[in-house]
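A.B. asks: Can you keep this structure in mind? I'll have questions shortly.
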Amino acid sequence: MTHGRTPRKPRTRMQNPVRLAAWQAALLDRHQVEAIMTPLRLAFAAMREGVGTELEWAYIVSAMNIADSVAVTSPIRGTRGHIEPAQRALDGIMRRAMATGEWRATDLYLEELDLISDGLAIYHHQLQHLTRGEYQRAEDHAAADVRRTAGAVVINTSPASEQLALAGV
Numbered sequence: 001m002t003h004g005r006t007p008r009k010p011r012t013r014m015q016n017p018v019r020l021a022a023w024q025a026a027l028l029d030r031h032q033v034e035a036i037m038t039p040l041r042l043a044f045a046a047m048r049e050g051v052g053t054e055l056e057w058a059y060i061v062s063a064m065n066i067a068d069s070v071a072v073t074s075p076i077r078g079t080r081g082h083i084e085p086a087q088r089a090l091d092g093i094m095r096r097a098m099a100t101g102e103w104r105a106t107d108l109y110l111e112e113l114d115l116i117s118d119g120l121a122i123y124h125h126q127l128q129h130l131t132r133g134e135y136q137r138a139e140d141h142a143a144a145d146v147r148r149t150a151g152a153v154v155i156n157t158s159p160a161s162e163q164l165a166l167a168g169v
């Protein structure tokens with residue numbers, strides 16, 4: 001009997017902590033990087049063509065939030081100056097698309113296209129040099145940032161990607 005208390009939840013034990021440490025210390029492999037970048041490239045293509053949805057916008061915002069977290073928390077530094085303008089461009093796109101109160105696909109300005117393209121290229125470069133543990137920490141940091149600013153965190157259920165969609169709306 002628990003006498004009104006919640007029952008004790010046993011802690012999960014790591015079966016092999018050395019294997020876990022080795023897994024986290026390994027760099028993201030080429031297939032993992034492509035699994036992360038493919039939905040982003042498709043979303044950017046849709047945004048570039050003027051038919052992007054709010055979820056596709058959220059994927060790109062998610063990538064920029066994670067890239068910003070990488071610039072802050074990992075050894076790969078000096079990229080924040082390129083990521084912040086891309087985030088501002090995405091904010092401008094969201095404001096134009098939501099002007100009527102609901103999402104309407106909008107055309108992007110040439111400057112916005114360049115800034116977002118540069119941001120995604122930097123994110124791809126960061127992914128090629130990150131370990132799995134660093135990526136997981138950056139992803140958690142970005143999700144916490146979005147929650148702290150009262151944004152919605154949408155988890156992508158697509159098996160092709162472990163990407164979070166962090167929509168800071």
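The letter at position 1 of the sequence shown is residue 1 when you use the working numbering, and the numbering goes up by one with no holes. Where a beta carbon is used, it is the ideal one built from N, C-alpha and C, also for glycine.
Got a sec? Which residues, its chain only, sit under 8 Å from Q136 by beta carbon, not counting five neighbours each side?
C.D. replies: Once the five neighbours on either side are set aside, the close Cβ partners of Q136 are Q24.
A.B. asks: Starting from the C-beta of V18, find all residues in its chain whose C-beta is less than 7 Å away, skip the five residues before and the five after it, and write them out in chain order.
C.D. replies: Answer for V18: no residue qualifies.
A.B. asks: Could you name the residues of the same chain whose beta carbon sits closer than 7 Å to that of G133, not counting the 5 residues immediately before and after it, in chain order?
C.D. replies: Answer for G133: Q24, A25, listed in chain order.
A.B. asks: Taking the alpha helix (DSSP H) that W23 falls in, what are its first and last residues?
C.D. replies: Per DSSP, W23 belongs to the alpha helix (DSSP H) from 17 to 25.
A.B. asks: Taking contact to mean 3 or more Cβ pairs, one atom from each stretch, closer than 8 Å, check whether the stretch 93 to 103 and the stretch 117 to 128 are in contact.
C.D. replies: Because the criterion of three Cβ pairs below 8 Å is not met, the stretch 93 to 103 and the stretch 117 to 128 do not touch.
A.B. asks: When you compare only the Cα positions, how much space is there between S62 and L40?
C.D. replies: Approximately 9 Å, taken between the alpha carbons.
A.B. asks: How is the alpha helix (DSSP H) around R11 delimited, first residue to last?
C.D. replies: Per DSSP, R11 belongs to no alpha helix (DSSP H) and is neither H nor E.
A.B. asks: What does DSSP give as the partner residue(s) for T79 in the beta ladder?
C.D. replies: Answer by DSSP bridge pairing: none, since T79 is not bridged.
A.B. asks: Grouping DSSP H, G and I as helix and E and B as strand, with all else coil, what is G101?
C.D. replies: G101 falls in the coil class under three-state DSSP.
A.B. asks: Within its chain, find whatever has a CB closer than 7 Å to the CB of A21; leave out the 5 residues flanking it on each side and keep chain order.
C.D. replies: Excluding positions up to five away in sequence, the list is empty.
A.B. asks: Shortest alpha-carbon distance to E34 belongs to which of L120, A143, D140?
C.D. replies: Of the candidates L120, A143, D140, the one whose C-alpha sits nearest the C-alpha of E34 is L120.
A.B. asks: Mapping DSSP to helix, strand and coil, what is T131?
C.D. replies: Residue state, collapsed to three classes: strand.
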